[in-house]
Amino acid sequence: MDHHSKTVVAVLPSRNVMSVNISENGAVKLGEFEGKFLQVVLDALGTEYDVVIPEDRLFGSLLPNGSWSGMVGMVRRGEADLAFTYLSITEERMKVVNFSSYYTTEVCVFVTQDDDLKLLGRIVERKKWFEDISLRESDSQFKYRSIHAVNRNTARLLFGNRNDLYIAEDTLYVTPMAFAYGKKFCCPSKLNSILLRLDGAGLYDKILSDISLRMFLETIKKSPSSDNQLALSVTDLLGVFMLFVIGMLLSFGVFLVELGEFEGNFLKVVLEALDVEYETIPEKDKAYDKLLLNETWTGMMGMMQRGERDLAFTRITVTEE
5 MDHHSKTVVA VLPSRNVMSV NISENGAVKL GEFEGKFLQV VLDALGTEYD VVIPEDRLFG
65 SLLPNGSWSG MVGMVRRGEA DLAFTYLSIT EERMKVVNFS SYYTTEVCVF VTQDDDLKLL
125 GRIVERKKWF EDISLRESDS QFKYRSIHAV NRNTARLLFG NRNDLYIAED TLYVTPMAFA
185 YGKKFCCPSK LNSILLRLDG AGLYDKILSD ISLRMFLETI KKSPSSDNQL ALSVTDLLGV
245 FMLFVIGMLL SFGVFLVELG EFEGNFLKVV LEALDVEYET IPEKDKAYDK LLLNETWTGM
305 MGMMQRGERD LAFTRITVTE E
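Each residue of the sequence shown is one higher than the last, beginning at 5 in this note's numbering.
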């Protein structure tokens, strides 16, 4: 097994998942949600790296002759130090390569236009469940009452912002996803530490959500406007607006009541802490504190000015006057 001066990373380009662009000067730019996550990890590792793609463009499986294909084969043969792109941990792969801490899980879920999944068993027998991910777009058309079994992250990426589709909570299987690395990889402990921190920060889900929204907005721009769509008028929105205003007024009234109760309880605590006998008397004129032309004050400040009260409290603001 050769030792590389740079960390060699095997990746598998896949539409909407991982893209690799290498400039003329050798600069590598990784794109899509797996690519962006990988870039963050490599930057955190702080090592120089090269990106390679397996010739067979496969993840990696055991062949009849005992050798391995894809990215797993490259790591096993020492052609790559790391392998990354939706690589699942399996018992067979663990026998030939090492795996990092997992950074996400592959959860196979159902995507349908109907949230009633009671008849799934019979539908599975009649429907074609799986399709090529590379052929999917966020504007994919679902036939009426059709159901698709896809990876949850893929479902969130392509359909997470569509309100006409239902991504079920029911799952077919769950598989952890991780980096595969060879025996001479320099920094397995550092890699695991980085992945744990990024998982705690929720970075992977954040990248996935951002790209999903971007794809959804791009789809809207591409969609032709329908001639039979009508613009909303002020009359259409009047009822909704009135309900909104009424709700806001009611909420504000409740807020004032709760605020009064809060301030009363707060004042009681303060007076008990002072440990003095006291008497609470409301202001006579029920007016806001205001300085009059004759240099007298209204409200609670006026009572304080005239020596009628020792303390004043209830939403009094501090002003220069």
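Glycine is no exception: its CB is placed at the ideal position from the N, C-alpha and C atoms.
Member of Leu202, Ala159, Leu271, Gly30 whose CA lies at the smallest distance from the CA of Leu169:
Relative to the Cα of Leu169, the nearest Cα in the group Leu202, Ala159, Leu271, Gly30 belongs to Ala159.
How close, in whole Å, do the beta carbons of Pro58 and Gly74 come, if the pair is a contact with beta carbons under 8 angstroms?
About 5 angstroms separates the two Cβ atoms, so the contact holds.
For Val12 and Val56, believed in contact at Cβ under 8 angstroms, the rounded distance:
Indeed they touch by this definition, with Cβ atoms about 6 angstroms apart.
Does the distance from the CB of Leu247 to the CB of Ser104 come in under 8 angstroms?
Not in contact: Leu247 and Ser104 (Cβ atoms no closer than 8 angstroms).
If we ignore side chains and look at the alpha-carbon of each, how far apart do Leu242 and Val249 end up?
Here the alpha carbon of Leu242 sits roughly 11 angstroms from the alpha carbon of Val249.
Would you call the stretch 76-90 and the stretch 177-190 touching, i.e. three or more CB-CB distances under 8 angstroms?
Contact between the stretch 76-90 and the stretch 177-190 is present: 3 or more CB-CB pairs across the two stretches fall below 8 angstroms.
Pop quiz: Phe220 and Asn165 are said to be a contact at Cβ under 8 angstroms. What is the actual Cβ separation, rounded to whole angstroms?
Confirmed, about 4 angstroms.
Return the CA-CA distance between Val178 and Leu66, expressed in angstroms with no decimal places.
Spanning the two alpha carbons is a distance of roughly 21 angstroms.
My output table needs one value for Lys225: the three-state DSSP class, helix, strand or coil.
When DSSP states are grouped into helix, strand and coil, Lys225 belongs to the helix group.
CA nearest to the CA of Leu212, picked from Leu162, Ser197, Pro192, Lys194
Residue Leu162 is the option with its Cα nearest to Leu212.
Measure from the alpha carbon of Tyr53 to the alpha carbon of each residue in Ser193, Ser9, Lys225, Phe270, then state which is nearest.
Ranking the options by Cα distance to Tyr53, first place goes to Ser9.
Rounded C-alpha distance that separates Leu84 from Gly186:
What sits at residue 84 in the sequence shown is Ala, not Leu. C-alpha separation (whole angstroms): 7 angstroms.
By a C-beta neighbour count over all protein chains shown, 10 Å radius and 16 as the cutoff for buried, is Ser193 buried or exposed?
Counting other Cβ atoms within 10 Å of its Cβ, Ser193 stays below 16 and is therefore classed as exposed.
Nearest to Ser92 by alpha carbon, out of Glu222, Leu62, Arg81, Ser197?
Out of Glu222, Leu62, Arg81, Ser197, the CA that lies nearest to the CA of Ser92 is found in Leu62.
Should Phe270 go down as buried or exposed, given a rule of 16 or more other Cβ atoms within 10 Å for buried?
By the neighbour-count criterion, in which a residue is buried when 16 or more other Cβ atoms sit within 10 angstroms of its Cβ, Phe270 is exposed.
Please report the straight-line C-alpha distance between Gly50 and Cys190, rounded to a whole angstrom.
Rounded to whole angstroms, Gly50 to Cys190 spans 11 angstroms at the Cα level.
Report the rounded CA-to-CA distance for Gly206 versus Lys188, giving the unit in angstroms.
Here the alpha carbon of Gly206 sits roughly 30 angstroms from the alpha carbon of Lys188.
Under DSSP, the beta strand (DSSP E) around Ile26 begins and ends at which residues?
In the DSSP assignment, Ile26 falls within the unbroken beta strand (DSSP E) covering 23-26.
Give the secondary structure of Ala14 by DSSP, where H, G and I count as helix, E and B as strand, and everything else as coil.
The DSSP-derived three-state label of Ala14 is strand.
Where does Tyr282 land, buried or exposed, given buried means 16+ other C-beta within 10 angstroms?
With fewer than 16 neighbouring CB atoms inside 10 Å of its own CB, Tyr282 falls in the exposed class.
For Gly204 and Leu46, the rounded distance between their alpha carbons
Answer to the nearest angstrom: the Cα atoms are 18 angstroms apart.
I'd like the ranges of any beta strand (DSSP E) spanning at least 3 consecutive residues and lying wholly in the stretch 45-126.
Listed in chain order, the complete beta strand (DSSP E) runs (minimum 3 residues) inside the stretch 45-126 are 53-56, 86-88, 108-116.
Any idea if Glu38 is buried or exposed, counting beta-carbon neighbours within 10 angstroms, 16 or more meaning buried?
Taking a 10 Å sphere around the C-beta of Glu38, we find 16 or more other C-beta atoms and assign the residue as buried.
Would you kindly work out how many angstroms separate the C-alpha atoms of Arg140 and Leu42, rounded to a whole number?
Residue placement at Arg140 is poorly supported in this model, since its pLDDT is 48, which falls under 50; the coordinates still yield a value, given next. Their backbone Cα atoms lie some 23 angstroms apart in a straight line.
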